[in-house]
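Asks:
Right, here's the structure in full:
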């Protein structure tokens, strides 16, 4: 009996020791998990914390680009909206459609950036005032003349004015590429330079200038 009791006690002691070892190991693992989670927590939270910082890393040139390009694009779309009912050339109608298709989403994107930066988005009615004198922008008189023309006269006037308008946008985009800090704005600027330079070349060909 003594021998059996001794064996039982030893067996119980071994079981308790094993259980204690498991508990300690589990605790050790938990702290290891916590430690690694804490480390990973830093790693995981750092990118989100730094990502907005990177995404929001903008300067005065970025703000000027967005605030200037919004009314600039709005006027191009206003011009493009005249083409379906006034243009004679199928090429001019397609060009106007392409301009609107490209620039309308860019206005939304630019507006979103300004809002996220805590900046004021230019109001629709501010176009003629704040943007007056901006590179390539048409005067109210030029806009009125375009509205009152049709057929071949509209096609010619539309392309001549749009070339100047696009050249202004390209100039603004080049400034953004050189001076801006916000990566997405610089990417958009590069896209504007490429697409609008191609459209300038196309319109010059249609006008017989090249």
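In the UniProt record's numbering, the protein residues as written are 1 to 210.
Virtual Cβ for every residue (Gly too), placed ideally from N, Cα, C.
(1) Return the CA-CA distance between residue 166 and residue 173, expressed in angstroms with no decimal places.
(2) How long is the line joining the alpha carbons of residue 202 and residue 194, rounded to whole angstroms?
(3) Give me the DSSP bridge partner(s) of residue 151.
(4) Measuring alpha carbon to alpha carbon, tell me which residue in 81, 109 and 57 is nearest residue 96.
(5) For residue 168, count neighbouring Cβ atoms within 10 angstroms of its own Cβ and tell me buried if that reaches 16, exposed if not.
(6) Could you tell me the distance, in whole angstroms, from the CA atom of residue 77 to the CA atom of residue 100?
(7) Between the C-alpha atoms of residue 217 and residue 120, what's the straight-line distance to the nearest angstrom?
(8) Taking the continuous alpha helix (DSSP H) assigned at residue 73, which residues delimit it?
Replies: Based on what the coordinates show:
(1) Linking residue 166 to residue 173 through their CA atoms gives a straight-line distance of about 10 angstroms.
(2) For residue 202 and residue 194, the distance between alpha carbons rounds to 13 angstroms.
(3) Beta-bridge annotation (DSSP): residue 151 is paired with 87.
(4) Distances from the alpha-carbon of residue 96 to those of 81, 109 and 57 put 81 closest.
(5) Around the CB of residue 168, 16 or more other CB atoms lie within 10 Å, so the residue is classed as buried.
(6) Going from the Cα of residue 77 to the Cα of residue 100 covers about 5 angstroms.
(7) The question about residue 217 has no answer here: the residues shown for the chain are numbered 1 through 210.
(8) Where residue 73 is concerned, the enclosing alpha helix (DSSP H) stretches over 60-80.
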